[in-house]
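Comments concern the structure below.
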Amino acid sequence: MTATPVLADSRSSAREQVEFGINVAQRGLWREAIYRWEKAVELDPTYAAAFNDLGIAYEHEGQLDKARKAYEKAIALEPNNANIRQNYDLFKEINDRAAQTKDKP
Amino acid sequence: MIAPRKPKTNRRLALAGLAAIVAAFTAACGGELFEVPVETPIPAKLDVSAFQRVLVAGFVAGGNEDVDTNQETVRLLRSQLRNKSGMRVIDADPLQLVEVAQEQNKAATAAPDTTTPPDGPSVRTATPADTAAATALPQKIKDEKDIEGYDRLFANTAYWKRIGEEYQNPLIVTGSVLFAPRTSSGLVTRETEVYDSLGRRRVVPTRVFMERKGFMLRPKFVFIDGRTGATISSLSRREEVLYNAQNETPALSSYFELMDRIVPDCLGTLSTQKIKGTRVLIK
Chain A
1 MTATPVLADS
11 RSSAREQVEF
21 GINVAQRGLW
31 REAIYRWEKA
41 VELDPTYAAA
51 FNDLGIAYEH
61 EGQLDKARKA
71 YEKAIALEPN
81 NANIRQNYDL
91 FKEINDRAAQ
101 TKDKP
Chain B
106 MIAPRKPKTN
116 RRLALAGLAA
126 IVAAFTAACG
136 GELFEVPVET
146 PIPAKLDVSA
156 FQRVLVAGFV
166 AGGNEDVDTN
176 QETVRLLRSQ
186 LRNKSGMRVI
196 DADPLQLVEV
206 AQEQNKAATA
216 APDTTTPPDG
226 PSVRTATPAD
236 TAAATALPQK
246 IKDEKDIEGY
256 DRLFANTAYW
266 KRIGEEYQNP
276 LIVTGSVLFA
286 PRTSSGLVTR
296 ETEVYDSLGR
306 RRVVPTRVFM
316 ERKGFMLRPK
326 FVFIDGRTGA
336 TISSLSRREE
346 VLYNAQNETP
356 ALSSYFELMD
366 RIVPDCLGTL
376 STQKIKGTRV
386 LIK
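Residue numbers (our numbering), protein chains in the order written: chain A, 1 to 105; chain B, 106 to 388.
Structural data, given as structure tokens:
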């Protein structure tokens, strides 16, 4: 009986972090956004949107491995979310190119 | 007075219900969406941190006489590197590498390698250099086979070390560029307008036989350490463009069209590239 309010509370705190992260990311403060979204996924590890946003921020900062993991977690949590899927597809295209560049002698 | 207001209230209630459904649906689909521009950095393939300067030395070029491919490639790469790399770009006349390679080839043929064993007469031994020298380089480069013969120039570390010393040990970018005309004929799919008996217009794909002409560009970029003369890396690409046979596209504009597709890869070897795009943040 107590589990539900606790979960709702975590989601609500995580949501606040996500909102703040979006606000700062829109102003170009991606590192602050990463800090907020990392907090959000810590508070609520089932929050797909937070993982999606974190993936975008890592991508923007060139942390491609971390970005891939965040996107994949977001997709695992919400496999039918078309927006997450689209972000991931666009990221994958770039990530594959970067990997190709690394592999070439 | 009360009766006419009733439907309004009902409509308001219906709208509120609809809004609630939409909000719930949006929340179920992942909440509010915010499109943001992103720039994903792709790290450079080569670690060029040891070099402060870059010399785009020149290219073995051929295939077309309308475009000075050596000059144009040097100019294009220098301007791109000036804008997109942290290195200082050295301004110097492009080397005429076809002539350099021809001279080196002649010198290798004229000076056979002789060794004198301590207890015997001088003995002529065949070396890999001799074998290479035995293959004469074509004066005029027409195709890929012709240009491949010149590749051994890039392995001449002594020559490139000397060039490096002359320009204070920069990173050297050189290579070969073949830019040659291409013709092709065959079936291609085109969209054709057709009108039915009622005069309605439709666009349908049709297969038509076409004569096409254009150009092929095959650059090979070689990156050389100016301190040692050794090749650090190389990058080969091949692109072609074909137009309708009646189309009179100038060779130079085709050259730039093809180079546009290739240059990002070359720059990506030396400097971090930023890929611009948009992503959707979700609340």
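Idealized CB from N, CA, C, for every residue including glycine.
Where does residue i sit, in a helix, a strand or coil, going by DSSP?
i	result
M315 (chain B)	strand
G254 (chain B)	helix
D65 (chain A)	helix
K73 (chain A)	helix
V190 (chain B)	It is Ser, not Val, that sits at residue 190 (chain B) in the sequence shown. Looking at S190 (chain B) - three-state DSSP - the assignment turns out to be coil, as it is neither helix nor strand.
V203 (chain B)	helix
T214 (chain B)	helix
I268 (chain B)	helix
L372 (chain B)	helix
K325 (chain B)	strand
E137 (chain B)	coil
Y360 (chain B)	helix
In angstroms, rounded to a whole number, what distance separates the CA positions of residue i and residue j?
i	j	result
R183 (chain B)	S190 (chain B)	10 Å
P142 (chain B)	S376 (chain B)	22 Å
E249 (chain B)	Q207 (chain B)	17 Å
T262 (chain B)	E270 (chain B)	12 Å
I56 (chain A)	S154 (chain B)	28 Å
N83 (chain A)	V385 (chain B)	7 Å
G291 (chain B)	N349 (chain B)	12 Å
K247 (chain B)	A285 (chain B)	7 Å
V205 (chain B)	V179 (chain B)	17 Å
E344 (chain B)	R323 (chain B)	6 Å
S281 (chain B)	L372 (chain B)	16 Å
Y264 (chain B)	K69 (chain A)	48 Å
D53 (chain A)	S341 (chain B)	37 Å
L357 (chain B)	D173 (chain B)	9 Å
E144 (chain B)	G28 (chain A)	11 Å
Does the beta carbon of residue i sit closer than 8 Å to a beta carbon anywhere in chain E?
i	result
L29 (chain A)	The structure shown contains no chain E; its protein chains are A and B.
I want to verify the contact list: residues of chain B whose CB lies under 7 Å from the CB of residue i, in sequence order.
i	result
Q26 (chain A)	F139 and V141
For residue i, count neighbouring Cβ atoms within 10 angstroms of its own Cβ and tell me buried if that reaches 16, exposed if not.
i	result
P222 (chain B)	With a pLDDT of 47 at P222 (chain B), under the threshold of 50, the predicted position of this residue should be treated as unreliable, and no value is reported.
Y71 (chain A)	buried
Q209 (chain B)	buried
T383 (chain B)	exposed
V165 (chain B)	buried
Q86 (chain A)	exposed
E78 (chain A)	buried
Q17 (chain A)	buried
Q244 (chain B)	exposed
D89 (chain A)	exposed
N352 (chain B)	exposed
At 9 Å on the CB atoms, spell out the chain B contacts of residue i, in chain order.
i	result
V18 (chain A)	G136, L386, I387 and K388
Run down chain A in chain order and give the residues with a C-beta less than 7 Å from the C-beta of residue i.
i	result
E144 (chain B)	H60
Which chain A residues sit within Cβ distance under 8 Å of residue i?
i	result
G382 (chain B)	L90 and I94
I367 (chain B)	Result: empty, since nearest Cβ-Cβ is about 14 Å, beyond 8 Å.
Looking at the ligand SAH, does it come within less than 7 Å of residue i, judged from the CB to the closest heavy atom?
i	result
V308 (chain B)	With respect to the ligand SAH, the structure offers nothing, as it holds no ligand at all.
> Does the count of Cβ pairs from the segment 299-319 of chain B and the segment 198-207 of chain B closer than 8 Å reach three?
Replying inline: They do not touch, by the three-pair rule.
>> Would the segment 329-336 of chain B count as touching the segment 349-367 of chain B if we require 3 or more Cβ pairs under 8 Å?
In response: A contact between stretches requires three or more CB pairs, one per stretch, nearer than 8 Å, and the segment 329-336 of chain B fails this requirement with the segment 349-367 of chain B.
> Does the segment 31-42 of chain A touch the segment 50-64 of chain A, meaning 3 or more C-beta pairs lie closer than 8 Å?
Replying inline: Yes, the segment 50-64 of chain A is in contact with the segment 31-42 of chain A.
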